[in-house]
Amino acid sequence: AYPEAQIRAILDELLKVAAEQGVTGTLTDDQGQVPDEPAGAEEDAEPATDPRFDAAFNAIEAGDWESAAAAYQLIIDADPSERDAIAGLATVGLYRRTEGEDEGALRSIADQPDAAADVVVQCATADFDALAGRWSLAFDRLVTCVRASSGPDRELVRSRLLELFVLAGEDPAVPAARTALANALF
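Everything in the sequence shown is counted per the numbering used here, starting at 592 for the first residue and increasing by one.
Here it is, written out as structure tokens:
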């Protein structure tokens, strides 16, 4: 998916070139009339949902993270490029990891000067930052943890960062965090 601004810029340029070539105006029917809007076009219709996602949505509404994860995984197994299912699975993982955790206690430990390499605490605290949409804080915390850790711990933090990048989508903090992660790893 491309950002809306990029698509709009391309369409604007396309319309500009079309106008330069004399292609202007409005589409008309065979009698030269502009057709009316189709019946009901003005009504706000709910977007159709993909039935493959119904089981996952129902499980999420019930707070059944295991079933939701399994439903998303079935979709991914059938179509590994299904971005909505990948993001859904990552979201369920975030909910699962934060459920029942004490954010205040985790944050007070994570913010201690000697806690940068505490992978479990830093990842859990970053999950709460992500849950609140504080992507920059989550990314900064985990990049710092990558720098302070090594071996399997470092890989765990790197994987968590990649998962959060999926969740953050096109948030402006993602490109800078990807660069910071690359610099921390190499």
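For glycine and all other residues, C-beta sits at the position ideal for the given N, C-alpha and C. As the structure is a prediction and not an experimental result, all values here were calculated from the model.
Quiz item: Contact check, Leu697 vs Val712 under 8 Å by CB: the rounded distance?
Solution: Translated into the one-based positions of the sequence shown, residue 697 becomes position 106. Translated into the one-based positions of the sequence shown, residue 712 becomes position 121. Rounded, the Cβ-Cβ distance is 6 Å, consistent with contact.
Quiz prompt | Given Leu733 as reference, the closest of Ser672, Ala701, Asp655, Thr640 once Cα atoms are compared | solution = If you number the sequence shown from 1, residue 733 lands on position 142. It is Ala701 whose Cα lies nearest to the Cα of Leu733.
Quiz prompt | For Ala775, the first and last residue of its enclosing alpha helix (DSSP H) | solution = Position 184 of the sequence shown, counted from the first residue, corresponds to residue 775. That run of the alpha helix (DSSP H) goes 764-776.
Quiz item: Given a threshold of 16 other Cβ atoms within 10 Å of its Cβ, counted over all protein chains shown, does Arg751 qualify as buried or as exposed?
Solution: Numbered from 1 along the sequence shown, position 160 holds the residue referred to as residue 751. Label assigned to Arg751: buried.
Quiz item: Should Ala715 go down as buried or exposed, given a rule of 16 or more other Cβ atoms within 10 Å for buried?
Solution: Here residue 715 corresponds to residue number 124 of the sequence shown, with the count starting at 1. Per the 10 Å Cβ criterion, buried.
Quiz prompt | Cβ pair Val710, Asp744 closer than 8 Å | solution = The residue labelled residue 710 in the question sits at position 119 within the sequence shown. The residue labelled residue 744 in the question sits at position 153 within the sequence shown. Taking 8 Å as the Cβ cut-off, Val710 and Asp744 qualify as a contacting pair.
Quiz item: Alpha carbon to alpha carbon, how far is Glu694 from Ser672?
Solution: Position 103 of the sequence shown, counted from the first residue, corresponds to residue 694. Position 81 of the sequence shown, counted from the first residue, corresponds to residue 672. Between Glu694 and Ser672, the C-alpha separation is close to 33 Å.
Quiz item: Hey, Leu753 and Ala717: beta-carbon distance below 8 Å or not?
Solution: As a first step, residue 753 is located in the sequence shown; it is residue number 162 there, counting from the start. As a first step, residue 717 is located in the sequence shown; it is residue number 126 there, counting from the start. No, the Cβ-Cβ distance between Leu753 and Ala717 is not below 8 Å.
Quiz item: How about Glu657: is its C-beta nearer than 8 Å to some C-beta of chain C?
Solution: Reference to chain C is not applicable here, since this structure consists of a single protein chain.
Quiz prompt | Buried/exposed call for Ala775, threshold 16 Cβ in 10 Å | solution = Locating residue 775 in the sequence shown gives position 184, where the first residue counts as 1. Ala775 should be labelled buried.
Quiz item: If you count every other CB in all the chains shown that lies within 10 Å of the CB of Thr770, and 16 or more means buried, which is it?
Solution: The residue you call residue 770 lines up with position 179 of the sequence shown. Exposed, because fewer than 16 other Cβ atoms sit within 10 Å of the Cβ of Thr770.
Practice problem: With Ser658 as the anchor, note down where its alpha helix (DSSP H) starts and where it stops. | Solution: The count along the sequence shown starts at 1 and reaches residue 658 at position 67. From DSSP, the alpha helix (DSSP H) with Ser658 extends over 656-669.
Practice problem: Indicate whether Ala659 and Ala650 have their beta-carbon atoms separated by less than 8 Å. | Solution: Your numbering for residue 659 matches position 68 in the sequence shown. Your numbering for residue 650 matches position 59 in the sequence shown. Yes, the Cβ-Cβ distance between Ala659 and Ala650 is below 8 Å.
Quiz item: Which value, in whole angstroms, describes the spacing of the CA atoms of Glu657 and Arg738?
Solution: The sequence position of residue 657 within the sequence shown is 66, counting from 1. The sequence position of residue 738 within the sequence shown is 147, counting from 1. About 32 Å.
Quiz item: Got a sec, what are the start and stop residues for the alpha helix (DSSP H) Thr640 sits in?
Solution: By 1-based counting over the sequence shown, the position of residue 640 is 49. Thr640 -> no alpha helix (DSSP H), and no H or E assigned at all.
Self-check item: Three-state class that DSSP yields for Pro743 in the structure shown
Solution: Residue numbering aside, residue 743 sits at position 152 when the sequence shown is read from its first letter. Reduced to three states, the DSSP call for Pro743 is helix.
Exercise. Have a look at Arg725, Glu746, Leu747 and flag the residue whose alpha-carbon is nearest the alpha-carbon of Pro763.
Key: Taking the sequence shown and counting its residues from 1, one reaches residue 763 at position 172. It is Arg725.
Quiz prompt | Closest Cα partner of Arg674 within the set Ala759, Val765, Phe777 | solution = Counted from its first residue, the sequence shown places residue 674 at position 83. Cα-wise, what sits closest to Arg674 is Ala759.
Quiz prompt | Rounded straight-line distance, which links the Cα of Ile677 to that of Ala708 | solution = In the sequence shown, the residue the question calls residue 708 occupies position 117. In the sequence shown, the residue the question calls residue 677 occupies position 86. Approximately 28 Å between the Cα atoms of the pair.
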